[in-house]
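Asker:
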């Protein structure tokens with residue numbers, strides 16, 4: 018039943034030395050679809066050629082992105098010869114069949130004044146293993162205009178028939194009080210899974226439970242050993258999504274969360290923290306987590322409330338106030354053993370799979386060392402420890418950094434009545450909120466199921482997503498030159514033509530979605546120091562490389578976090594396991610994200626993180642893979 022990658026298609030796990038985004042093949046169509054066209058006839062006839070696809074079916078610059086359907090991972094293939102060759106190999110191995118055009122799915126999509134293509138959807142199955150899949154064809158006319166070719170092929174693993182539905186799950190019928198599912202309702206759910214207590218005081222998700230006595234730091238402690246097929250470390254948005262998907266498929270699992278309440282990953286952030294993406298993009302799996310009573314841009318308390326209520330509603334098996342202190346992997350048995358401090362009680366867990374969902378880009382602060390910190394009479398903190406500017410009302414603050422969090426902190430300081438200076442090291446990509454609103458509202462709205470929107474958003478090759486985003490955003494930026502000139506006059510070095518794919522998938526940030534702070538900078542209300550680097554503290558503030566000084570009562574380092582989940586693996590399991598797990602995030606030679614959301618060389622180890630959309634979409638593939646492995650046992 019395994020859906021892991023075929024041996025003939027090794028994972029690409031090495032990060033290239035040069036920027037991959039600029040080297041990735043892919044270009045937009047250069048022709049327009051005829052004005053008069055029988056869309057349904059063309060789309061259906063092209064789907065009927067599936068799965069017997071040959072080189073002649075593709076354009077010379079064709080691309081194929083597979084999301085687990087045939088490769089058991091995420092792969093992108095480029096150019097007609099390579100696409101056709103790989104298709105032939107994988108078709109023989111996976112045996113796709115039973116293709117069915119989805120009536121009415123054909124539509125013409127424009128990418129510019131002289132660029133468009135025809136897109137349609139279809140369903141198919143595979144025999145080895147038995148799976149249900151979906152596909153998209155992006156079609157363009159031949160140069161002679163007498164036929165059609167596939168420009169982009171996208172294939173997606175949908176379900177493992179007969180083993181639950183990874184996208185649909187009805188919550189337990191019994192009411193939940195204070196986050197706890199009543200004892201009598203801990204039985205098999207609709208998809209054959211066991212539903213457990215929200216706060217993890219029950220054992221119904223564990224296959225085996227045994228009492229053990231161990232010596233911990235010289236003190237004898239009695240604890241229980243529990244076995245789960247999967248353990249998810251981290252109960253933020255990525256951990257919740259993964260736990261919910263596993264539950265929908267009937268997989269024995271537990272989510273381990275260090276905080277005392279579900280939602281604390283958001284609730285404990287600074288007071289002004291909020292999403293810069295719209296409400297309809299921000300749901301967790303299975304339902305619309307945030308109804309119309311919530312604001313369009315969710316604040317931290319909104320997110321915390323929504324996540325807690327979602328976890329209660331679906332009876333997610335989560336251990337709160339729990340941390341994994343160490344772990345080992347047994348190569349002979351293939352099992353992980355985790356030492357867990359569960360509400361100050363030592364517990365041992367064994368599992369076949371461990372999912373690291375500890376927060377890519379938001380857990381380990383990066384704080385540059387500046388000289389003479391001990392001489393500074395004010396307060397120094399990282400943005401991870403920042404809550405509100407109220408304690409310094411009427412005083413002076415310095416914010417080092419110019420990405421989203423830095424702008425939020427600077428804005429909060431200004432609104433509190435402080436004088437504020439932002440310290441900028443390099444040019445910052447600024448993307449106005451109104452630029453992305455239209456795109457998100459078109460795709461994520463109450464008329465479209467979220468899972469359908471995700472298939473449009475997340476299945477394209479990254480090189481094509483990069484081009485379409487640049488087409489839209491850069492045209493808008495060119496139409497507003499004064500917006501950028503005003504920032505430059507204020508001393509803010511702006512890049513209005515940045516790469517959103519680089520920000521999301523490689524840097525995990527470093528950009529600013531402008532929700533209003535840029536105007537305050539342009540007007541001089543928030544000052545900027547960008548012509549020299551900060552080199553040291555002095556009694557009243559910071560000194561810079563050009564000899565200038567800026568006074569401050571508080572200095573906040575909004576200088577980011579370590580985004581590589583590999584570091585968290587090393588902290589728990591040691592260097593050998595971390596080395597086999599490899600790096601997480603950044604892009605490989607195909608433009609696929611390194612490590613995250615797919616099998617890595619270390620058996621049973623998985624990475625997941627990123628924004629809400631990434632957590633929601635990619636968690637389904639982790640759960641399907643883990644379920645397939647369970648079925649193989």
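In the working numbering, the protein residues as written are 18 to 650.
Note that beta-carbon positions come from the ideal geometry of N, C-alpha and C, so glycine has one too.
1. Which class does residue 206 belong to by DSSP, given the choice of helix, strand or coil?
2. Is the Cβ-Cβ distance between residue 184 and residue 468 less than 7 Å?
3. Label residue 190 either buried or exposed according to how many other C-beta atoms from any shown protein chain fall within 10 Å of its C-beta, with 16 as the threshold for buried.
4. Run the proximity test for residue 402: is its beta-carbon closer than 6 Å to any non-hydrogen atom belonging to the ligand FMN?
5. How about residue 619 and residue 545: are their beta carbons less than 7 Å apart?
6. Using the Cβ count rule (16 or more neighbours within 10 Å means buried), how would you classify residue 309?
7. Going by beta-carbon coordinates alone, are residue 624 and residue 582 separated by less than 7 Å?
8. Sorted by chain position, which residues of the same chain lie with C-beta nearer than 6 Å to residue 367's C-beta, five sequence neighbours on each side aside?
9. Do you know whose CA, among 547, 485, 506, lies nearest residue 46's CA?
10. Pull up the CB-CB distance for residue 149 and residue 178, whole angstroms please, since I reckon it's below 8 Å.
11. CA-CA distance, residue 417 and residue 343?
12. Per DSSP, what kind of secondary structure is residue 159 in: helix, strand or coil?
13. Is it buried or exposed for residue 637, if we count other Cβ within 10 angstroms and need 16 for buried?
14. On the three-state DSSP scale, how would you describe residue 595?
15. Which one of 122, 338, 571 has the shortest CA to CA distance from residue 411?
16. Could you tell me which of 115, 117, 158 sits nearest to residue 133, measuring between CA atoms?
17. Taking 7 Å as the threshold (C-beta atoms), are residue 291 and residue 314 in contact?
18. Hey, out of 254, 271, 265, whose CA is closest to residue 246's CA?
19. Do residue 282 and residue 253 have their beta-carbon atoms positioned less than 7 Å apart in this structure?
20. In chain order, what residues of the same chain have a beta carbon less than 7 Å from the beta carbon of residue 328, not counting five sequence neighbours either side?
21. Among 345, 504, 569, which one has its Cα closest to the Cα of residue 539?
22. Please give me, in chain order, every unbroken run of the beta strand (DSSP E) with length at least 3 that falls completely inside the stretch 390 to 476.
23. Under the assumption that residue 293 contacts residue 420 (Cβ atoms under 8 Å), give the Cβ distance between them as a whole number of angstroms.
24. Given residue 457, which residues of its chain have a CB within under 7 Å of its CB, disregarding the five upstream and five downstream residues?
25. DSSP three-state call for residue 372: helix, strand or coil?
26. Using three-state DSSP, classify residue 570 as helix, strand or coil.
27. Can you give me the Cβ contacts of residue 306 inside the same chain, cut-off strictly under 7 Å, excluding the 5 residues immediately before and after it?
28. Pick helix, strand or coil for residue 498, following the three-state DSSP scheme.
29. Report the partner residues of residue 554 according to the DSSP bridge assignment.
30. Ordered along the chain, which non-local residues of its own chain (more than five positions away) have a Cβ less than 6 Å from that of residue 275?
Answerer: The answer reads as follows:
1. Confidence at residue 206 is low in this model, with a pLDDT of 34, below 50, so the placement of that residue is unreliable and no value is reported for it.
2. yes
3. Counting Cβ neighbours within 10 Å, residue 190 comes out exposed, since fewer than 16 surround it.
4. As presented, the structure is devoid of all ligands, the ligand FMN included, so that no description of it is given.
5. no
6. Its Cβ having fewer than 16 others within 10 Å, residue 309 is exposed.
7. yes
8. 244, 352, 354
9. 485
10. 6 Å
11. 35 Å
12. coil
13. buried
14. helix
15. 571
16. 158
17. Their beta carbons are under 7 Å apart, which means residue 314 touches residue 291 by this criterion.
18. The closest CA to that of residue 246, considering only 254, 271, 265, is found on 271.
19. Contact: yes.
20. 215, 257, 279, 335
21. 504
22. 396 to 399, 413 to 417, 436 to 440, 445 to 449
23. Actually they do not touch by this definition, with Cβ atoms about 11 Å apart.
24. 294, 295, 298
25. If DSSP states are grouped into helix, strand and coil, residue 372 belongs with the strands.
26. coil
27. 300, 323, 327
28. Three-state DSSP puts residue 498 in a helix.
29. 559
30. 340
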